[in-house]
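Here's the structure we're looking at; comments come further down.
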Amino acid sequence: MSDEQTETGTGWPQPAGPGRPAGPAGEPDPRPDAPDPDELSPLAPAGPVEEPDRDERSGAGAEPVEDVTVALPTSDEAAGEPAGDAGEAGGSGASASVRSRFSAAGVMIAALLALLGFTLVVQLKTTSTDPTSGATRQEDLVRILSDLDARENRLRQDIASLEESQRQLRSGEQGRQAALDEATRRADELGILAGTLPATGPGLSVRFEAGGKPISATRVLDAVQELRGAGAEAMQISGGDRATARIIASTYFLDGENGSLVVDGRRLTGPYTITVIGDPATMRTALNIPGGVVASVQGDGGNVIVEDREAAEVSALHAPIKLEHARPVS
Amino acid sequence: MIAVLALLAGVVLGVWLDPTVPAALQPYLPIAVVAALDAVFGGVRAKLDRIFDDKQFVVSFISNVLVAALIVYLGDQLGVGGQLSTGVVVVLGVRIFGNVAAIRRHLFRA
Numbered sequence: 001m002s003d004e005q006t007e008t009g010t011g012w013p014q015p016a017g018p019g020r021p022a023g024p025a026g027e028p029d030p031r032p033d034a035p036d037p038d039e040l041s042p043l044a045p046a047g048p049v050e051e052p053d054r055d056e057r058s059g060a061g062a063e064p065v066e067d068v069t070v071a072l073p074t075s076d077e078a079a080g081e082p083a084g085d086a087g088e089a090g091g092s093g094a095s096a097s098v099r100s101r102f103s104a105a106g107v108m109i110a111a112l113l114a115l116l117g118f119t120l121v122v123q124l125k126t127t128s129t130d131p132t133s134g135a136t137r138q139e140d141l142v143r144i145l146s147d148l149d150a151r152e153n154r155l156r157q158d159i160a161s162l163e164e165s166q167r168q169l170r171s172g173e174q175g176r177q178a179a180l181d182e183a184t185r186r187a188d189e190l191g192i193l194a195g196t197l198p199a200t201g202p203g204l205s206v207r208f209e210a211g212g213k214p215i216s217a218t219r220v221l222d223a224v225q226e227l228r229g230a231g232a233e234a235m236q237i238s239g240g241d242r243a244t245a246r247i248i249a250s251t252y253f254l255d256g257e258n259g260s261l262v263v264d265g266r267r268l269t270g271p272y273t274i275t276v277i278g279d280p281a282t283m284r285t286a287l288n289i290p291g292g293v294v295a296s297v298q299g300d301g302g303n304v305i306v307e308d309r310e311a312a313e314v315s316a317l318h319a320p321i322k323l324e325h326a327r328p329v330s
Numbered sequence: 001m002i003a004v005l006a007l008l009a010g011v012v013l014g015v016w017l018d019p020t021v022p023a024a025l026q027p028y029l030p031i032a033v034v035a036a037l038d039a040v041f042g043g044v045r046a047k048l049d050r051i052f053d054d055k056q057f058v059v060s061f062i063s064n065v066l067v068a069a070l071i072v073y074l075g076d077q078l079g080v081g082g083q084l085s086t087g088v089v090v091v092l093g094v095r096i097f098g099n100v101a102a103i104r105r106h107l108f109r110a
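Chains as they are written, first to last, in UniProt numbering: chain D, 1 to 330; chain Z, 1 to 110.
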């Protein structure tokens, strides 16, 4: 390589041949040739090259000014140029016009170098002002753009799926919370009905006082049934010795010894007090109907005292029933 | 001397006018500049070798630039513009290095 360059000085010895077809290639550099034809038109190598360049320099407004300024000082010398160049183009070579030829070529060189500096600075500025996309080729830009598009699509899908799962989780959480509330509410209801939870609310306090003969289990059971029929929701029965039993669906009443009452195996003595939660007016009416509980007890010589309670407390608990055979159907 | 002044004038003009490169020329301008630099270094080396020829310099300068731009243009038309311009830059860079090495030998005898 160095040999070749030593010979030619600039490397590519054969000039304009390949350059001609490149005319439409958007060639920036040959601009300085353009002004030259006015002065140096016979110059052989420059002549062919400048024609296509002229068409393309339309976009560069600044160029002609520069070229003219560089070329002007030597224009007088260039005026005498054609003779020398014509001689050279004719192949006679090195005649008397060595000085003028040197100056014409010098003008060319100066113009070319000025153009080089100009384009160098322009290119540097372009690259430095827009380092990312300015120097990037169109196909690379298209590829980058499509890459970004694909990436955007992927991210968009990610966002959509994440939002979907977030929505599902949120609705699932809401549903679970609602189910939990509902289950808690049902558990409370069932706990009150089953007697495993204490309860409070408006209701009655029904006190049975024995007269001549003790209060029988039948009377108490009648009273409990009557209260249930009147909408009682929770009941307990307490004896004279403060012993208390919760009355639930499976509670049984037996007559015990000495006029006592056996409730769920627990022995109570009179007088008995039933505390019941429910609609007070309805239950009072149910107890007082003719031939009802109150009438029966009074017929036996006893007495029934019914009192309203703003907040009747049913605090006795029934031990939870252990189911051995029944299983929920689910 | 005139060449250096012209180069400086071009630089000053470029800084002063601050033109924008047309989009159509953007792929070719860097390649053309590198090719012109190659020609300039070749010219300097020829000058030092005392075989500098004005006409040859002008012709080789223009043809360097034109051929480089033509190759890049061809590559763009063929769809391999990026790779081809890289190849052109590599070749020109190697030549510039060779020329600069020769200049260095002339100047510093080393």
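Positions of the beta carbon are idealized from the N, C-alpha and C atoms, including for glycine.
- Under the three-state reduction of DSSP output, Val122 (chain D) falls in the helix class.
- Within chain Z, the residues placing a beta-carbon under 7 Å from that of Val121 (chain D) are Val11, Gly14 and Val15, ordered along the chain.
- Taking the Cα of Asn258 (chain D) as reference, the smallest distance to any Cα among D:Thr285, D:Ala194 and D:Pro214 is reached at D:Pro214.
- Against chain D, a Cβ distance below 8 Å from Leu8 (chain Z) picks out Gly117.
- Cβ atoms of Ala312 (chain D) and Ser205 (chain D) come within 8 Å of each other, at about 7 Å.
- Annotated as proximal: Gly212 (chain D) and Gly302 (chain D), with beta-carbon spacing under 9 Å.
- Relative to the Cα of Leu323 (chain D), the nearest Cα in the group D:Asn153, D:Ala194 and D:Ile109 belongs to D:Ala194.
- At the C-beta level, Ile277 (chain D) and Val220 (chain D) stay beyond 9 Å of one another.
- Taking C-beta separations shorter than 6 Å and ignoring five residues to either side along the sequence, the partners of Asp222 (chain D) in its chain run Val293, following chain order.
- In this structure, the CA atom of Asn153 (chain D) is about 21 Å from the CA atom of Arg167 (chain D).
- For the stretch 84-102 of chain Z, residues whose beta-carbon sits nearer than 7 Å to a beta-carbon of chain D comprise Arg95, Gly98, Asn99 and Ala102.
- By the beta-carbon neighbour count (other beta carbons within 10 angstroms, threshold 16), Leu145 (chain D) is exposed.
- Residue pairing by DSSP leaves Thr127 (chain D) without any beta bridge partner.
- CA-CA distance, Ile2 (chain Z) to Ser103 (chain D), rounds to 11 Å.
- With the criterion set as a beta carbon lying under 7 Å from some beta carbon of chain D, the members of the stretch 47-76 of chain Z are Asp49, Ile51, Phe52, Asp53, Asp54, Lys55, Gln56, Phe57, Val58, Val59, Ser60, Phe61, Ile62, Ser63, Asn64, Val65, Leu66, Val67, Ala69, Leu70 and Tyr73, in sequence order.
- Assigned with DSSP and collapsed to three states, Gly43 (chain Z) falls in helix.
- DSSP places Thr196 (chain D) in no alpha helix (DSSP H); its state is neither H nor E.
- In the displayed model, Val263 (chain D) falls within a strand according to three-state DSSP.
- Ranked by Cα distance from Pro320 (chain D), the first of D:Ser250, D:Thr269 and D:Asn288 is D:Ser250.
- Non-local beta-carbon contacts of Asp279 (chain D) in its own chain, meaning distances under 6 Å to residues more than five positions away in sequence, involve Gly231 in chain order.
- Under DSSP, Leu287 (chain D) forms no beta bridge with any residue.
- In this structure, D:Ala234 is the residue among D:Arg185, D:Ala234, D:Ile289 and D:Leu162 with its C-alpha nearest to the C-alpha of His318 (chain D).
- Residues of chain Z with a Cβ closer than 7 Å to the Cβ of Ile109 (chain D) are, in chain order, Ala3, Asp54, Phe57 and Val58.
- Taking a 10 Å sphere around the C-beta of Arg156 (chain D), we find fewer than 16 other C-beta atoms and assign the residue as exposed.
- For Leu37 (chain Z), at least one C-beta of chain D is nearer than 9 Å to its own C-beta.
- Across the stretch 138-166 of chain D, CB contacts with chain Z closer than 9 Å involve Gln138, Glu139 and Asp140, in sequence order along the chain.
- Rounded to whole angstroms, the separation of the alpha carbons of Ile31 (chain Z) and Leu116 (chain D) is 12 Å.
- Between Arg284 (chain D) and Asp264 (chain D), the C-beta spacing is not below 9 Å.
- In the DSSP assignment, Ser85 (chain Z) falls within the alpha helix (DSSP H) that extends over Gly81 to Phe108.
- With fewer than 16 other beta carbons inside 10 angstroms of its own, Gly79 (chain Z) counts as exposed.
- With contacts defined by Cβ atoms closer than 9 Å, Leu268 (chain D) and Ala245 (chain D) form a contacting pair.
- Here Ala150 (chain D) is exposed. Its C-beta has fewer than 16 other C-beta atoms within 10 Å.
- Between the alpha carbons of Leu5 (chain Z) and Gly14 (chain Z) lies a distance of about 14 Å.
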